[in-house]
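Enquirer:
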Amino acid sequence: MSVQAATMTPARPKRRKRVDYLPYVLISPIGLLLLAITVYPAIEAVYLSMTNASLLRLAKAQFIGLRNFVRMTADPIFLDGLWRTLRWDVAVVGIELLIALPIALFLNMTFRYRGFVRAAVMVPYITPPAVVGLVFCFMFDGNYGVVNDILVRLGILDSYVAWLSDPTASFWVVVTAMVWYGQPLMALILLASLQTIPGELYEAAAVDGAGKLSQFWHITLPHIIPTILFLVLLRTIWMSNHIDMIFVMTTGGPGFSNYTEAVYSFQLTNEFEIGYASAVAVVLAIILMTCSAFYVRHLAKNVLAGSSS
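Counting in full-length UniProt numbering, the sequence shown runs from 1 upward without gaps.
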């Protein structure tokens, strides 16, 4: 025993694994930038939502707790704005998808000058939204708009219609402008998703006698469903926070007919009610984050279930 003990070598102490701090140092500038442009404004908005802050007395803002949020429960503009925001999201995102999908399918085909056509499709999206809004205002003007002129000449209308002065008509005019502006981006992302589908699947389906419609339902659509669901979520968030097109074309009117929550918050800011405007924005953000969390969770479950099967 003594000989064995004498010949045994002592165990070397384990070295601590050296932590490499260089990656953290390199990403720290962008991390600080993200904190500055996202986290701090969010915290500031939550704080302002609990004050009576106004541009007239910003330095003398007083903490009032949840009083602004209680005020919302009796604010008809805010309560009706929830429905208007939902209506706006469903109309714009739904119509964009119905238009963008056929465009993406067409752009995925092989034809002459395909590159030029793909670039031309993006023209609406690279146009500033305010410019798009002004152009559509001129097109649908009640006195000299080209849309009225064409419809009267075709005999569809007997006289000119004040599109932007009617609550229902103005909503659909703004939706039309927004769809024209936003559908190219959705079409381009769907096109990218279509190009990831292996061509062998279509070849095998054609050999089995499947037609184009059958190939779309059983090959194309299942492959691009995750992309479609992601686009619906992304565009819904964007549309819920969209202001410029609505404000340029209608300033939220006539009356409050086009007052979404984002437009209402913006208008409150113009009226110097910073505290209440922040409260409206915070509630909208909470609603969007909650819906997005459930949506992403449901999407992840479906994607994982589909991949496992």
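Yeah, the Cβ is synthetic: ideal placement off N, Cα and C, and Gly gets one too.
1. When the Cα of Met50 is compared with those of Ala293, Val282 and Ser292, which residue comes out closest?
2. Using CA coordinates, which residue listed in Met72, Ser193 and Arg153 is at the minimum distance from residue 318?
3. Restricting to Cα atoms, I'd like to know which of Thr236, Glu203 and Arg235 is closest to Thr220.
4. Does the distance from the C-beta atom of Val92 to that of Met239 stay below 8 Å?
5. From Tyr160 to Leu151, what distance separates their C-alpha atoms?
6. Please classify Val70 as buried or exposed, where buried requires at least 16 neighbouring CB atoms within 10 angstroms.
7. Going by C-alpha distance, which of Asn258, Gln267, Leu268 and Gly275 is nearest Leu86?
8. Which of the three DSSP states, helix, strand or coil, is assigned to Thr251?
9. Give me whichever residues DSSP pairs with Leu63 in a beta bridge.
10. Tell me whether Trp163 is buried or exposed, calling it buried when 16 or more other Cβ atoms sit within 10 Å of its Cβ.
11. Given a cut-off of 8 Å on the beta-carbon distance, is the pair Phe256 and Asp80 in contact?
12. Let me confirm a value: Trp88 is counted as buried when at least 16 other C-beta atoms fall within 10 Å, else exposed. Which label applies?
13. Can you say whether Met1 is buried or exposed, counting buried as having 16 or more other CB atoms within 10 angstroms of its CB?
14. Once the 5 residues before and after Ile108 are set aside, which same chain residues still bring their CB inside 8 Å of it?
15. Assuming Val173 and Phe140 form a contact by the criterion Cβ under 8 Å, report the distance between their Cβ atoms to the nearest whole angstrom.
16. Taking Cβ positions, are Met245 and Gly133 nearer each other than 8 Å?
17. Return no unless some Cβ of chain D is closer than 8 Å to the Cβ of Ala162.
18. Measuring alpha carbon to alpha carbon, tell me which of Asn52, Ile224 and Ile126 ends up nearest Ala279.
19. Put Gly31 into one of helix, strand or coil per three-state DSSP.
20. In three-state DSSP terms, what is Met1?
21. By Cβ distance, which residues of its chain are closer than 7 Å to His242, with the 5 residues on each side in sequence left out?
22. Please say whether Ile189 and Leu231 have beta carbons closer to each other than 8 Å?
23. Three-state secondary structure (DSSP) at Phe140?
24. Among residues of its own chain, excluding the 5 on either side of Ala277, which ones have a beta-carbon nearer than 6 Å to its beta-carbon?
25. Does DSSP classify Glu261 as helix, strand or coil?
Expert: Checking against the coordinates, here is how it stands:
1. Measuring from the Cα of Met50, the nearest candidate turns out to be Val282.
2. The first residue shown for the chain is 1 and the last is 309, placing residue 318 beyond what the model contains.
3. Per the Cα distances, Glu203.
4. Yes, they are a contact pair.
5. Spanning the two alpha carbons is a distance of roughly 9 Å.
6. Exposed is the call here.
7. The residue with the shortest Cα to Cα distance from Leu86 is Asn258.
8. Coil at Thr251, not helix or strand.
9. Going by the sequence as given, residue 63 is Phe instead of Leu. Its beta-bridge partners are Thr51.
10. When all chains shown are included, Trp163 counts as buried.
11. Yes, Cβ-Cβ distance for Phe256 and Asp80 is below 8 Å.
12. By the 10 Å Cβ count, Trp88 comes out buried.
13. Its pLDDT being 49, under 50, Met1 is placed unreliably in this model, and the value from its coordinates should be taken loosely. Result: exposed.
14. Per the sequence shown, the amino acid found at residue 108 is Asn instead of Ile. Cβ neighbours of Asn108 beyond the five flanking positions: Leu191, Leu194 and Gln195.
15. With a Cβ gap of about 5 Å, Val173 and Phe140 count as contacting.
16. In this structure, the beta-carbon distance from Met245 to Gly133 falls below 8 Å.
17. Among the chains of the structure shown, chain D does not appear; only one protein chain is present.
18. Cα-wise, what sits closest to Ala279 is Asn52.
19. Three-state DSSP puts Gly31 in a helix.
20. Because Met1 sits at a pLDDT of 49, beneath the cut-off of 50, its placement in the model cannot be relied upon, and the following sentence gives the value as read from the coordinates. DSSP places Met1 in the coil class of the three-state scheme, outside both helix and strand.
21. Cβ within range, chain order: Ala262.
22. Pairing Leu231 with Ile189 gives a Cβ-Cβ distance under 8 Å.
23. Three-state result, Phe140: coil.
24. Spatial neighbours of Ala277 in its own chain (CB-CB distance under 6 Å, excluding positions within 5 residues in sequence) are listed in chain order as Ser265, Leu268 and Thr269.
25. DSSP places Glu261 in helix when its eight states are reduced to three.
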